[in-house]
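A.B. asks:
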Ligand code: DC
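In this note's numbering, the protein residues as written are 125 to 355.
(1) Should residue 242 and residue 160 be called a contact, given that it needs their Cβ atoms to be closer than 8 angstroms?
(2) For residue 152, I'd like the list of residues in its chain whose CB is within less than 7 angstroms of its CB, leaving aside the five on either flank, ordered along the chain.
(3) Using 7 angstroms as the cut-off, classify the Cβ of residue 229 as near or not near the heavy atoms of the ligand DC, replying yes or no.
(4) Please classify residue 355 as buried or exposed, where buried requires at least 16 neighbouring CB atoms within 10 angstroms.
(5) Measuring only the C-alpha atoms, how far is residue 218 from residue 207?
(6) Which runs of the alpha helix (DSSP H) fall wholly inside the region 168–227 and span at least 4 residues, in chain order?
(7) To which residues of the same chain is residue 328 closer than 8 angstroms at the C-beta, ignoring the five residues directly before and after it?
(8) I need the straight-line Cα distance from residue 299 to residue 129, nearest angstrom please.
(9) Could you give the uninterrupted runs of the beta strand (DSSP E) lying entirely in the region 305–339, keeping only those of 3 residues or more?
(10) Under the three-state reduction of DSSP, which class applies to residue 131: helix, strand or coil?
(11) Rounding to the nearest angstrom, what Cα-Cα distance links residue 285 and residue 185 in this structure?
(12) Do residue 211 and residue 196 have their C-beta atoms within less than 8 angstroms of each other?
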């Protein structure tokens, strides 16, 4: 196997395990893992705290004007396959995963100016390749030249069940119906927005993991990466 480093783009619907796959692939090949959704979540948290978004309604102009004041940093710890997201120096990793952010992030992510700022940050992180980035537009917009692209999907009900189990295991009291509705709504907004809608890149490999275990999907993905690294 050659030693050259590539960019691996993992796009797909929300809550279908993209970051779990991306982290495992990064660990296997000694690559950096980057969760681009965390960046949109951090912007959303800033907007919530400054009352620039509420109930899915964004104060667009004000948020665009605030962008220069929003500094986002993601630190990845490869030995534990975890990352922390910092918003203006504060670790907000826990807070950005909670429902208020999940309920407001899609409308924030429709704003072209927000996307431009995030894409700039993401491209900088990919300058030296050797990166696995997951998101919605990584293979189509951020790194259209990525050497390997995956498009991950699963049924909305299965995704909601997984997210429900994850939050319940953390001790949070959540409603399955609310989570399912949030996932369906995010799918709708992500796929129909004008700026960089979620779509499969023409050259992406599709992974429908509705009926696959984590081990099965990982084995398949790693096989594809190994194949790609051979040439
Ligand atoms: O992957 P996630 O669920 O943490 O992403 C949160 C939101 O951010 C998602 O609803 C859509 C948006 N997003 C995006 O528009 N582009 C990306 N590259 C990543 C996420």
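Think of the CB as a built atom: it goes at the ideal place given N, C-alpha and C, for glycine as much as any other residue.
C.D. replies: Let me spell this out:
(1) yes
(2) 346
(3) yes
(4) exposed
(5) 11 angstroms
(6) 184–190
(7) 133, 135, 263, 273, 274, 275
(8) 43 angstroms
(9) 329–332
(10) strand
(11) 36 angstroms
(12) yes
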